[in-house]
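To keep things clear, I will list the structure first and then write my remarks on it.
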C-alpha cells in the first residue's frame, strides 16, 4: 500500500487524515480508524487542484463526496495518470457490461422508444463518468473504441434509432424468410413482413381494404412465438366480435398448426378479468345478447312509468309537443327546398299527423290539439279569391267552430325573412292576406317566427284566442297517449331510450360530465328533457339487473377497467393485438391502455383503417385511430399499401373520393390487378316500366324499372364460370328479398348472388357489386335524418367534414368489388355522392341507355323551392311534372306537348325548352302568369296568346304578344 505524500503544512497538522492506495483501492486512515474504497466504487478518477498550502484531491462515491488537502505539490504529476489507469481497469468491466447489454438488446429485440429513452438516460450517466477526462488521459488507449461507442450512444439521435431498427428488421426478415413464405397460401409481401416484425411500444398498422391485415395478425403471432420473443400465453389477440374471433381462431389453427393462441372479444376479456378478481363468473343478462328483448323490456318499463306516474306522463307529453324533433333554424338553410327537405327527411309532423311547413306551425298545431281545439291545416279560405296569378288562398290554420284563421309568418322582429325568400314579395303577400281578411270581414290571428325565437309564440296564441272567447279544454292524458301509441311514436321513443341506455352507461358519466353533455348538445332543452325521461328507466333497468344478480356488456367493460386500473387485476399479456381498431370506442381503448400499463414492457399492436371507420353510431371514435399517438403515446405507424382485391380503376376512384376529407390519414393504395378502362359503371334510370315482364316479389324501384335485370344480363354476358355478385344498399329494406334472389339465381345460373347492407359487407368481397338505394332523403344515401340531440351528445364528437362517416361507408361499398361496381340511380333524386363521382372521376356512363330526364336532371329543378326536382305524374288532364318535395312544395309544370318529356325554364329566360334533344320543342312563357303561350290567329295575323285565356272568365289571362316581337333564342 502506497501513501500519498503531504506538503510541509500537512506535516505540521499531524491530526489530518492520511491517504494510501494500491491498484485495488484507496485507503483513508484517520486516528485508529481505517476505511477502504475500491476503485470501482468511485464515480470517476480522483481529481487534483492546487491550493495555497498544498494540493487538494477529491473523489466521489455514490454515498459521499471526499476532499483531502495539504498534499505534496507534485502529487498530481506522480499519481494522476496512475489513478486514472487503476480506475479504468476497475470500471472497464462495468462499461463492457453496459455496452454489451445495449448490443444484445438491439440485436435480439426491436428497439422500442421506451428502450431508447432508457438507453439515453443510462448512456448519459455512463458518459458523465468517463468524459471528458478520458480523452486526455494516457489510459484512453485502453478503452478508446469503447469510449467512441459510448459517445455515440450518449449522443443518440433519431437516425441511430432508425438505423438499428432497420438493421434488426432486416436480420429478422432473413432469419424467418421461410416462415413468412409459407404462413399463408401466398408469401407475405414485404410490407406485411415488416408489420409482423416491427414491435414498438405502440404500433398502428393502417391496412387498406383488401390488403391482407388478417394475414399480418396471424403472421405476427407466429413470428413472436417462432423467434422466442413470446410464448403463446403472452399474446392477447382482440377481435371486434365473436364471429370475427372464431374466424381468426380457425385461420390460426390452419396456418400456425396450434390452438394455443385464441382470439378474444372485448367482452370475453372483460368477463375473464371480473371472474378472476371476484373469483366467480358473473351472470350475463339476456339483454346483453338480445337487443329485441332489451327493447321490449324498455318499452314495457316506459309504458308502466306513463301509466303509474302523473308527473312522468306530463314530461312525456311535453317532450312530444315541444322536443320530439331536432329543431333547426329555418333562417340557416340555403334554399327553401333545403328546408323542406329537412322537414321531409325527418318526417316532421304534428300530433295530429299534419306535414307542417315550419317548426312554428308544428308548435301551434300541437298546442291547439293538446288544448282540445279543433283545427284544419291549410284548408281553402271560405271566400273564393283565386286569380290568374294566384291560387286559392289557404291560411295555415282554420278553427271551424269559431270561424277564426291563424297565419304564421316567417319574419323576425325586424321583418326580415330567411335569405332564400324575397323579402319585398313576402311582405306584399302579408299585406294581401291582411287586406283579404279585412275586406271579407274574417278574423285572422297573425303570429311570427320572431315571437317563436323569443319563446313568446304560444303565449301570444293563447292570449289571442282568449280575446276571441275561444274555449280550451285540455284533452285527457289517456286520449293523447292512446293517439301517440296508435301512431307508433311511443314505440319509436322507447327504441330511442333502449339505445340511450347503452350509450349513457358506456359514457361512464359523472355529474359534471352530464352537465358538459347538455352544454355541448345541439339542443340543450331537448337533451335535458330526454335525460329526465331516461333517468327513471335507467334506474329501473339497473335495479332489474341487480335483483337478478346480472350484468350487461357495458357493466362488464366498466368493471374490467376499474379492476385493471386499480391494480386488482394484473395483465399477463405482453403483446396486445387489436383488430379493426378503427371501430374501437373510448371505453375499449381505455381498457387496452390499462392492460398495457399494468404489465411493464407490454406493447400494443393496433390494426385498422380510418378510411373504413363506419360505427360511430355505436360509440366508435375515429380520432382514436387518426390521433392514435395522442392517446397511447409515441407510436410507430406502418401501412399495407398493396390490395389484392379491387383493380386500379376502382382504387383510383375510391381513394380520391375518400381523400376529399382532409382529416382522413393520407395513404396510397396500389392494386395488384391493373385494367385500362373504368371499372365503376352507372346505370341512370327513373321510374318506368321494364321492357320485359319480371317475376320478382318486392317493389324495389330498381327491380320494377328493369335496371337490376339489365345489370345482371351485362354481368352474365361477360362470364363463363361461377361469379359472385353482391347487392349492396344503405338499409336492409332497400335490398332484394331472398325470394327475389332465388328467382334471379334461376334466371342467371352462373351468378352467385347475395344481398348485404353496406355495414354488413365490411370485410367481404365479391367479383361484382350492384349498389342500389342511392337517392336523397330520410332513407337516402348519405342519410340526412338527424339524430336526437342527446344521442349526438353521448356519441364521439362529430367531424367537421360534411357526411364524413357516410363517405367512408360509400368507400366500403365501392371497395367490396374485385372487378366491377355498378351503381343504379335515378338522377332526378340522386345521392350527392353519385353527382360527385360523375363530375370528378373516371366513371363509365355509356354502358346502359338512359332517358332524357336522366341525362338532363339538372335542368328540371323546381323553380319555386330550388332544391326539389320535377317528377313525372299522371293527372286528370294528362301527364305533368310535380316537385319531389310535395306536399310542402306544390309546384307543377306541364310536360312537352309533343313528346311528353319534361321542359325546363332554366336555359332561356322567357321560354320553356323540352330537354329531349331529339325534340327541342321551344315555347315562350307568359310574363304575366307564367303559363305557356300558344300560337293563335286573329284578324291581324298570328300572335302568341296565354294558355290561360278563357274569354271573359274572371280567371282569364288576356296577355298576348305579336309574333314578330318575340326574340327567339338560338338553340345550342
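Numbering (the numbering used here), first residue to last: 72 to 1043.
Positions of the beta carbon are idealized from the N, C-alpha and C atoms, including for glycine.
A quick note: this is a predicted structure, and the numbers were derived from the prediction, not measured.
The Cβ atoms of residue 830 and residue 685 lie closer than 9 Å to each other. In the three-state scheme derived from DSSP, where H, G and I count as helix and E and B as strand, residue 277 is classed as strand.
Restricting attention to 386, 967 and 163, the CA atom closest to the CA of residue 596 is found in 386. Within 10 angstroms of the beta-carbon of residue 117 lie 16 or more other beta-carbons, which makes it buried. Taking a cut-off of 8 Å on C-beta distances, the stretch 735 to 748 touches the stretch 678 to 696, as three or more cross pairs fall below it. Excluding five sequence positions before and after residue 908, the CB atoms of its chain that fall closer than 8 Å to its own CB belong to 724, 728, 751, 753, 894 and 914, given in chain order. The Cβ-Cβ distance between residue 414 and residue 978 does not fall below 9 Å.
Beyond the five residues adjoining it in sequence on each side, residue 642 comes within less than 6 Å, by CB distance, of 666, 669 and 670 in the same chain, given in chain order. For residue 1015, the three-state secondary structure derived from DSSP is strand. Assigned with DSSP and collapsed to three states, residue 348 falls in helix.
Residue burial annotation: residue 142 is buried, with at least 16 other C-beta atoms found within 10 angstroms of its C-beta. Annotated three-state conformation of residue 97 is strand, per DSSP.
Excluding sequence positions up to five before and after residue 720, its CB lies within less than 6 Å of the CB of 746, 749 and 750, all in the same chain and listed in chain order. Restricting attention to 360, 74, 179 and 296, the CA atom closest to the CA of residue 623 is found in 360.
CA-to-CA, the gap between residue 341 and residue 699 works out to about 22 Å. DSSP places residue 135 in no alpha helix (DSSP H); its state is neither H nor E. Taking a 10 Å sphere around the C-beta of residue 545, we find fewer than 16 other C-beta atoms and assign the residue as exposed. Three or more pairs of CB atoms, one per stretch, sit closer than 8 Å, so the stretch 780 to 796 contacts the stretch 809 to 826.
Beta-bridge partners of residue 518 (DSSP): 479.
When C-beta atoms of the stretch 598 to 605 are compared with those of the stretch 386 to 396, three or more pairs fall below 8 Å, so the two segments count as touching. In this chain, the beta strand (DSSP E) harbouring residue 676 covers 674 to 679.
By the Cβ rule, the stretch 645 to 661 counts as touching the stretch 303 to 322, because three or more pairs are nearer than 8 Å. Taking C-beta atoms as the reference points, residue 267 and residue 296 fail to come closer than 9 Å. Residue 1007 is bridged by DSSP to 1014. Cα atoms of residue 574 and residue 777: separation of roughly 43 Å, rounded to the nearest angstrom.
Under the DSSP definition of a beta bridge, residue 944 partners with 951. For residue 319, the uninterrupted alpha helix (DSSP H) segment begins and ends at 313 to 327.
Non-local beta-carbon contacts of residue 942 in its own chain, meaning distances under 7 Å to residues more than five positions away in sequence, involve 899, 952, 953 and 955 in chain order. For residue 903, the secondary structure class from DSSP, reduced to helix, strand or coil, is helix. DSSP places residue 507 within a helical segment (H, G or I) once states are collapsed to three. Between residue 397 and residue 860, the beta carbon gap of about 6 Å places them in contact (Cβ cut-off 8 Å). The beta-carbon distance between residue 604 and residue 572, rounded to whole angstroms, is 12 Å. This is too long to meet the 8 Å contact definition. For residue 222 and residue 103, the gap between their C-alpha atoms comes out near 44 Å. Cβ-Cβ separation between residue 218 and residue 204: approximately 11 Å, too far for a contact (criterion under 8 Å).
It is roughly 29 Å from the alpha-carbon of residue 887 to the alpha-carbon of residue 675. Nearest in C-alpha terms to residue 801, of all of 848, 811 and 538, is 848.
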